Each structure stands twice: as structure tokens, then as C-alpha cells.
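The block underneath contains the structure these notes are about, expressed in C-alpha cells.
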Amino acid sequence: MSKTVQIYDSTLRDGAQAEGIAFSLDDKLSIAQRLDDLGVHYIEGGWPNPTNPKDLEFFLQASKNKYKNAKITAFGSTRRANNPPENDAILNTLLDAGTDVVTLFGKSWELHVTHVLRTTPEENVQLIQDSVAYIKSNGREVIYDAEHFFDGYKTDSGYAIETLLAAQDGGASILVLCDTNGGTLPMELRNILSQVKEKVSLPFGIHTHNDSGVGVANSIVAVEMGAVQVQGTFNGYGERCGNANLCSVIPSLELKLGRHCIGTENLSRLMDFSRFLSEVANVFHDHRQPFVGESAFAHKGGVHI
């Protein structure tokens, strides 16, 4: 079992989807530099697409900077059902971002295949495989995010696995299982991961949301089950109830599970970064956050004091 867990930060995309948070281009570039200094492995800069020029500009500006620890990563969806990969605007704009790494997300849940993509389950499997293969053939590392994986697995486990195998066959470097609705509980997640591990050969990662208040717990359970990458946001920013809070995940993995994430020498910088991020986001810093909150090690009273 690997002692290193990759930290994949999605603050600049998922975090920016939180109510009341909007990062300017300069904000994103400043945060990216601080994330690199902190030692994260991947920085997801956003979704460059024809209708989102600010994110595309971020990648163009970021390409002029040198990052010593992190790989800047573009995020986007698999191709549209009626487009061959080479003619798909989404895929080609991802390539235009010029990053060494592209994260593609695809549908794992038949409900979304039929009601959102409005295509067949068979076609969805094909578009996952050839989208990954097209990006890979252009010299990029491809991280595959299986969106709504746990909901899809609970509905039809066989089909959810089939979508993972399509990404694996297409050339993805890792399969990231996403609890996009944040509704999976830790024991349930553990049971599903134990089954998934028997069906795929690629390493896997985890991407959890916090709608049930267990985003951090689920991330830790996934690492215990063999996940080699944790995706999340600092301060837990994200849509609805937020994403797994990397300010809690990282110290728990480093100090309690003995895994290497950003290195123990950088743990003491987490609180400073957390406060910096709150200031840039222009939101109140949660002083009751574990590890990085002002009250985390304060004692007012009680027998143990």
C-alpha cells in the first residue's frame, strides 16, 4: 500500500461554486501560487470551455508561471453524444488550455445518461472511452472523475463498473470515484469500495461532498481502503454544503494514518493558508474549524483543562 496520498485541490473550481464566493483572475493566480507553495500535487484551475473565457485565460496566464510542486489541471466533460472527439468543442478547448493534465468527468448513473445527456447507456460508455483516449492521444495525463458514482453504483452496480472500465480502457491514469450528492455514509462507502477494487486494475481516488456531514470521514475511509488521491477544497468551500475539507483531511492523513500528503513540514502553514483563502474569498474565517481554526486548541473550561 502506497504511503503517499496525492492531494488534488479543486478550490478554484468547486470552491468557486459556493454561494457568496467569486474569484477574480488575479485571485485564482494568487491562490494557485500559494497552493503550490503548500505542496499540493494537482491544482484544478477551472473548466475552460467556449462560454467560460475567464477560466481559459487563467490557464494561459498560469502557463507563464513555474510551479515547483503542483500540476495545473484543466477540468471538463466527456464529448457530446453526437460529436466525434476530434470535432468536439469541449475536448478541443481542454487541449487549448495547454495543461499537462486534464480531468474528464463522465456519467456513472443511468438516470443522468438518459435524462441529462439524453443518450443510451451504450453510447455513454463509448463516449467515455473515446474521450479519454482522444485526450490521452494528444499527450496529456488523464484523470477520470466518475461523477455521481456511488448513486449510480447503488442503482446499477454493473453499469457503474462498466463506465469505469471504459475510462480504464481509454487510457486514464486514475479512476476517481465521486460522491457528488454527498449522500453516502462511511460504512456504505467502505463496502462499495471493497467491491470496486476487485473489478478495476487502475489506482483509484476519492471525491466527496459534505451534504451528510461526512465528506472528510469518507475521504479518510477511502484512503484506508487504498485510495491514492484525495480531491477536495481548502476550508471545505463548495456548492451546497461544500466539499471534503482538505484542512482536515491532510492533518488526519499525515498525523493519524502516517501517510505523506504535503509533508509534515508544511502542516504548520495550513492555518495561515486557510486564513489567507478566507480573506481572498471575502468570507468569515470559521474559527471552529479543526486544526486551522482559532478555537481548535483553545480551552475555556471543563474538567480536563
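Remember, our numbering sits 12 above the position in the sequence shown when you count from 1. Even glycine gets a Cβ: it sits at the ideal position worked out from N, Cα and C. Predicted model only: the values in this text are computed from it and were never measured.
Between LEU24 and GLY51, the CB-CB gap reaches or exceeds 8 Å. Counting C-beta atoms within 10 angstroms of its own C-beta, ARG300 has fewer than 16 neighbours from the protein chains shown and is therefore classed as exposed. Boundaries of the beta strand (DSSP E) harbouring ASP157: 153-159, taken from the DSSP string. Pairing ASN61 with SER75, the inter-Cα distance amounts to about 17 Å.
Apart from sequence neighbours up to five positions away, the residues of its chain that approach GLY182 with a beta-carbon distance below 6 Å are GLN141, VAL144 and ALA145, ordered along the chain. For LYS66, the enclosing alpha helix (DSSP H) starts and ends at 65-74. Ranking SER42, THR16 and GLN18 by CA distance to the CA of ALA293 puts SER42 first.
Sixteen is the threshold: when 16 or more other Cβ atoms of the shown chains lie within 10 Å of the Cβ of HIS160, as they do, the residue is buried. If you draw a 10 Å sphere on the C-beta of ASN230, you find 16 or more other C-beta atoms in it, and that means buried. In terms of Cβ geometry, SER22 and THR245 form a close pair [threshold 8 Å]. Excluding five sequence positions before and after LYS148, the CB atoms of its chain that fall closer than 8 Å to its own CB belong to VAL154, GLY182, GLY183 and ALA184, given in chain order.
The three-state reading of DSSP puts PHE35 in coil, since its state is none of H, G, I, E or B.
Annotation: LEU267 is outside any alpha helix (DSSP H) and is labelled neither H nor E by DSSP. ASN255 sits in a strand when the DSSP states are folded into three classes. Straight through space, the alpha carbons of ALA308 and ARG281 are spaced by roughly 15 Å. Assignment of GLN301 by DSSP, reduced to helix, strand and coil, places it in the coil class. Under DSSP, THR132 forms no beta bridge with any residue. Apart from sequence neighbours up to five positions away, the residues of its chain that approach ILE84 with a beta-carbon distance below 6 Å are ILE55, GLY57, ALA74 and THR111, ordered along the chain. If you ignore the 5 residues before and after GLY88, its C-beta comes within less than 6 Å of the C-beta of TRP59, ILE102 and LEU106, all in its own chain and listed in chain order.
Contact between GLN243 and VAL208 does not hold, since their C-beta atoms are separated by about 16 Å, which reaches or exceeds 8 Å. Rounded to whole angstroms, LEU176 and GLY275 show a C-alpha spacing of 31 Å. In this structure, LEU258 is the residue among ARG271, LEU258, HIS272 and ASN150 with its C-alpha nearest to the C-alpha of VAL304. Taking GLN241 as reference, the option from ILE262, ASN222 and CYS253 with the minimal CA-CA separation is ILE262. For HIS127, no beta strand (DSSP E) run applies; the uninterrupted alpha helix (DSSP H) run containing it begins and ends at 122-127, by DSSP. Between HIS221 and ARG252, the beta carbon gap of about 7 Å places them in contact (Cβ cut-off 8 Å). With respect to LEU197, SER224 sits close: the two C-beta atoms are nearer than 8 Å.
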